[in-house]
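Single-structure report; data block below.
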Amino acid sequence: MRHRISCACCLFFLAISSLLTIFTTTPASARSPKSSIQQHALADFPTVDPNYIYDQLFYMATSYQHREAGYDNNLPVTQNGHDEFASYWSQELMKNVAGFGAQVRRDEFNVAGWQGRPAIVPAFNLEVTIPGVTHPEQVVVIGCHYDGEAISTQSANDDASGCAIELGVARAMGMYWRSHHTYPARTLRFVIFDAEEQGLYGSFHYLNSTVNGDVNNIVAMFNEEQSGIAYPLRYLGKMANPLLPFYVDMSPLQNSQLYPNQNRLSQQQQANITTFRTLMQQAVTPVFQQFQALGYQTLSYHDANNQDVTQPVFASNQLNNLHLEDDTLGGSDQIPFTLAGLPCATFAGNSTYYDNNPPPWSYPFDQKEDTIQLMNTFASGSSKEARALVLALALPGMLTTWMLNQPAILGQVSADKNPIAAISDIGLTVVNQNISFDARASYDLNANSNTLHYTWDFGDGSNSKATGIAVNHVYTTPGSYTLTLTVSSTKGSRRVSKVLNIVPQSTSYDNPYASYKANGVPPPNSAVILPTPNDIPSSQVIPTATATTPSLSSSVSPALVFIPVAVGICIIILLVALLIMNRRRHHKNV
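Under our numbering, the first residue of the sequence shown is numbered 6, with each subsequent residue one higher.
This is the structure:
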């Protein structure tokens with residue numbers, strides 16, 4: 006009898022085990038797409054935080070509106086947030102690179118105002134410099150603009166997005182240097198240019214005045230412009246709409262209408278641009294792999310039934326959504342740098358709004374409707390935070406950090422205890438004119454800058470020496486001179502040199518928009534119908550590329566459905582077994 010009961014129990018548990026195995030195993034067609042995507046290890050280069058960039062964009066765009074260059078004049082932030090935006094940006098960036106000797110410079114200049122407004126108005130660029138250790142004389146510039154049109158509200162896409170990306174890049178670099186106990190090999194400068202909307206005045210002032218004597222020391226320039234309305238975004242988040250392209254406009258090697266003198270570049274300039282373009286081409290694949298390694302492997306889009314379906318992103322077969330091309334963009338702050346023969350990359354999303362036949366997804370930059378809410382609507386159909394927008398903002402930032410990590414661009418090195426010697430921007434270097442030099446970008450790695458001593462050698466004679474953190478000098482003869490700064494402390498000393506070209510007349514780069522006159526109220530394109538956000542959330546997510554299998558996360562678990570059924574079946578089997586054994590025992594007794 007006991008043997009028969011044991012057999013029945015074994016049969017009972019075997020039945021339960023078998024049924025649970027069958028019913029709780031997830032069918033292959035219902036697996037998350039993430040499991041079928043090739044996994045990549047996290048690569049060793051600075052990684053931006055997509056959420057940080059989005060949060061910074063949201064805060065700055067909504068808190069500091071109406072950023073009209075030249076017309077702030079201490080107006081309340083609710084009327085003109087221009088100056089407050091710049092102040093917040095510099096404070097946040099300084100926090101992100103704390104511990105690396107960063108210095109802020111406010112570079113003021115005057116510009117022509119809008120038509121019908123005061124003729125001359127004050128403007129200013131803002132620059133944060135992180136000095137390099139081994140080659141502080143060589144400079145990498147990351148720029149964007151922070152001003153808006155006269156009618157602008159948030160100017161979120163154009164170009165608070167670029168300012169937020171700069172903050173994200175700075176944060177990634179600072180965290181990477183700290184974790185790796187390294188420093189930038191070359192000097193890194195983050196710049197927000199003013200008066201771009203009025204005619205690129207800020208960036209042309211920067212090249213023609215602020216760094217005019219330093220142009221040959223600029224290694225590369227990255228222009229973060231109008232990002233977010235690009236890959237991996239689909240207009241309104243709909244599967245029926247294509248993935249929007251992301252453009253990287255590069256310094257060309259051939260003449261064009263925008264750059265008519267590229268064939269006059271020196272061999273060294275051509276080689277620098279070629280190297281830069283090659284590196285940018287190499288950057289795309291590891292950047293895609295880094296996003297996947299971070300877990301950004303799928304995005305949800307809306308199908309024809311307004312259900313959400315998840316699709317792979319940053320996959321190798323989507324690399325062609327990034328377009329690396331000769332710069333034909335125009336109207337942005339990379340132009341003076343490219344005219345100077347420097348390697349430049351401008352990251353830009355959609356810019357078709359003013360076309361004669363614009364596609365439906367043409368974003369209204371330079372219009373009052375340019376808000377973070379509309380950017381989200383373009384990305385998902387809802388004005389609330391859209392993951393596609395978050396990743397679209399992070400993509401140019403990640404390309405930038407990968408490039409900065411390359412030894413040929415910025416690079417990274419360890420440092421000894423000697424102080425860092427750095428010479429700040431060098432302006433006009435004209436013969437018989439007083440030239441200012443300063444070493445404020447120098448710093449002591451032991452955070453005790455009061456112990457530093459500065460010695461200058463101007464390179465034009467045995468008596469051409471001076472001491473102090475800031476000095477002046479007049480060169481009386483044109484020519485090339487080696488300017489040397491030695492910074493010393495009780496721990497040691499470090500030296501940096503720059504070659505100065507003293508000329509009868511400084512090189513000036515012609516601004517093709519110098520004659521541009523406008524009132525700051527560009528007319529809207531009546532051919533573009535802007536979408537109305539739908540903030541009602543979708544009810545179901547379908548996590549397969551074919552959108553045929555309901556999401557296990559949004560439906561009842563199969564185990565919860567089939568376990569009661571399995572238990573019921575097993576109970577029936579057990580009862581039948583007991584009934585059979587009972588009948589056999591009854592026959593035996595008879």
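Glycine residues also receive a C-beta, built at the ideal position from the N, C-alpha and C atoms.
Could you tell me the distance, in whole angstroms, from the CA atom of residue i to the CA atom of residue j?
| i | j | result |
| --- | --- | --- |
| Asn410 | Ala532 | 43 angstroms |
| Gln203 | Gly335 | 14 angstroms |
| Asp112 | Phe129 | 5 angstroms |
| Gly600 | His458 | In the structure as shown, the chain begins at 6 and stops at 595. Residue 600 is therefore absent and cannot be evaluated. |
| Ser68 | Met408 | 31 angstroms |
| Asn362 | Gln120 | 29 angstroms |
| Ile234 | Gly148 | 19 angstroms |
| Asp308 | Asn246 | 10 angstroms |
| Leu415 | Ala444 | 20 angstroms |
| Asn381 | Phe63 | 11 angstroms |
| Leu263 | Pro341 | 11 angstroms |
| Thr83 | Asn451 | 42 angstroms |
| Phe442 | Leu284 | 34 angstroms |
| Gln286 | Leu329 | 7 angstroms |
For residue i, which residues from the same chain have a beta carbon less than 6 angstroms from its beta carbon, with the 5 sequence-adjacent residues on both sides left out?
| i | result |
| --- | --- |
| Gly173 | Val53, Tyr57, Ile58 and Gly402 |
| Cys12 | Any reading at Cys12 needs caution, since the residue's pLDDT is 45, under 50, leaving its predicted position unreliable; the model's value is listed next. Excluding positions up to five away in sequence, the list is empty. |
| Gln297 | His45 and Phe319 |
| Met178 | Pro51 |
Beta-carbon within less than 8 angstroms of residue i's beta-carbon, same chain only, minus the 5 sequence neighbours each way: which residues are those?
| i | result |
| --- | --- |
| Asn260 | Asn266, Gln267 and Asn268 |
| Ser22 | For Ser22, the predicted structure reports a pLDDT of 45, less than 50, and the residue's modelled location is therefore unreliable. The matter cannot be settled from this model. |
| Glu97 | Gln61 and Leu172 |
| Asn539 | Gly386 and Ser387 |
Name the DSSP bridge partner or partners of residue i?
| i | result |
| --- | --- |
| Glu229 | Phe352 |
| Glu132 | Arg110 and Val196 |
| Leu248 | Arg239 |
| Gln417 | Pro189 |
| Ala475 | Asp443 |
| Thr460 | Thr472 and Thr491 |
| Ala117 | Ile125 |
| Met255 | Asp331 and Ala350 |
| His150 | Phe198 |
Under DSSP, the alpha helix (DSSP H) around residue i begins and ends at which residues?
| i | result |
| --- | --- |
| His210 | Tyr206 to His210 |
| Leu394 | Arg392 to Leu409 |
| Pro341 | Ile340 to Leu344 |
| Pro55 | Pro55 to Ser68 |
| Glu89 | His87 to Asn101 |
| Gln234 | Residue identity check: residue 234 is Ile in the sequence provided, not Gln. Note, Ile234: premise wrong, no alpha helix (DSSP H); not H, not E. |
| Ser385 | Ile377 to Ser385 |
Output needed for residue i: all residues of its chain with C-beta closer than 7 angstroms, excluding positions within five of it in sequence on either side, in chain order.
| i | result |
| --- | --- |
| Ser513 | Asn213 |
| Gly484 | Ile507 |
| Pro365 | Tyr240 |
| Met127 | First, the amino acid is wrong: residue 127 is Pro here, not Met. The answer, listed in chain order, is Gly75, Glu113 and Asn115. |
If I follow the unbroken beta strand (DSSP E) through residue i, where does it start and stop?
| i | result |
| --- | --- |
| Met285 | Here Met285 belongs to no beta strand (DSSP E); instead the alpha helix (DSSP H) covers Gln272 to Ala298. |
| Leu329 | Leu327 to Asp331 |
| Ser498 | Gly497 to Ile507 |
Would residue i and residue j be called neighbours here (beta carbons separated by less than 7 angstroms)?
| i | j | result |
| --- | --- | --- |
| Thr139 | Ala175 | no |
| Thr134 | Ala446 | yes |
| Ser232 | Leu398 | yes |
| Ala200 | Asp152 | yes |
| Ala155 | Glu230 | no |
| Thr434 | Leu488 | no |
| Val253 | Leu193 | no |
| Pro141 | Ala427 | yes |
| Gly432 | Gly218 | yes |
| Ser337 | Thr357 | no |
| Ser502 | Thr491 | no |
| Leu131 | Ile197 | yes |
| Gln372 | Pro529 | yes |
| Val314 | Leu404 | no |
| Phe251 | Leu327 | yes |
| Met226 | Tyr306 | no |
| Asn162 | Asp360 | no |
| Val289 | Leu324 | yes |
| Tyr480 | Asp465 | yes |
| Ala345 | Val220 | yes |
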